[in-house]
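Take a look at the structure below.
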Amino acid sequence: MQHYKCLIDAKEGRSSSFLNRNKITFVGVKKLTFLLLLSGVLLSGCQNDLNVTAPWKDIPIVYGILSPLDTTHYIRIEKAFLDPEISALEIARIPDSLYYKNLDASIFDISSGTRFQLLEVDGAEEGLIRDEGVFAEMPNILYKVDADDLKLVPTNSYRLEINRSETLPLVTAEIEIVSRVTIVRPIPGSTLRFPYQSLFKV
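No gaps in the numbering here: position 114 of the sequence shown is 114 in this note's numbering, and each next residue is one more.
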């Protein structure tokens with residue numbers, strides 16, 4: 001009965017819910033058509049070229065572990081490489097792409113104010129042969145300092161400083177040597193008991 005009333009109201013020119021619904025639907029279709037046409041124009045004007053490389057930057061890559069138990073401390077210092085024309089697998093085999101020339105590296109004992117110069121060596125001559133893989137094995141450039149010269153003191157702070165050139169900023173990293181770890185529990189020689197009824201979370 002309500003449906004017929006809406007049709008009669010529409011024929012008589014009166015505003016009705018039936019007309020309002022049709023008007024809303026018509027306006028929605030117009031907007032949708034406009035948006036589809038606009039997106040079609042915008043997408044057809046876009047380039048589909050994807051540049052996966054950014055401009056080259058001098059980025060150092062540094063690996064090293066300092067332990068008071070070592071007799072010699074080694075630091076590996078390399079650089080990131082990029083060439084949009086050559087495969088990264090090919091570049092990784094070229095030693096000049098991996099290593100800096102005329103690099104100055106040192107470890108600074110912040111607590112005592114003493115500086116220890118790192119010496120550039122070929123790891124292969126030190127008995128540290130680089131595994132075969134993606135990167136060039138020879139030479140295996142490392143920077144070292146003997147533990148007799150640099151005696152690492154637990155709780156002291158040390159700063160690695162790398163000077164690549166006068167035009168590039170100094171590269172630094174700080175570390176605090178961890179003191180010897182003591183296990184408090186369980187006490188050595190004591191018996192561990194796990195009661196059947198209790199729950200343990202690991």
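The C-beta atom is built at its ideal place from N, Cα and C for all residues, glycine as well.
The alpha-carbon separation between Glu176 and Thr167 amounts to approximately 29 Å. Residue pairing for Ser157: DSSP places it in a beta bridge opposite Glu176. Residue pairing from DSSP leaves Phe34 without any beta-bridge partner.
For Gly123, the three-state secondary structure derived from DSSP is helix. Boundaries for Ser67: no alpha helix (DSSP H) harbours it, and the DSSP string shows neither H nor E there. In this structure Ala80 is exposed. Its beta-carbon is surrounded by fewer than 16 other beta-carbon atoms within 10 angstroms. Around Ile94, the same chain offers Ala136 as residues with beta carbons nearer than 7 Å, after the five sequence neighbours per side are excluded. The C-alpha of Glu90 lies about 17 Å from the C-alpha of Asn140. When secondary structure is reduced to three states using DSSP, Ile91 falls in the helix class. A distance of 7 Å or more separates the beta carbons of Arg159 and Ile129. DSSP places Ile75 inside the beta strand (DSSP E), whose first and last residues are 72 to 79.
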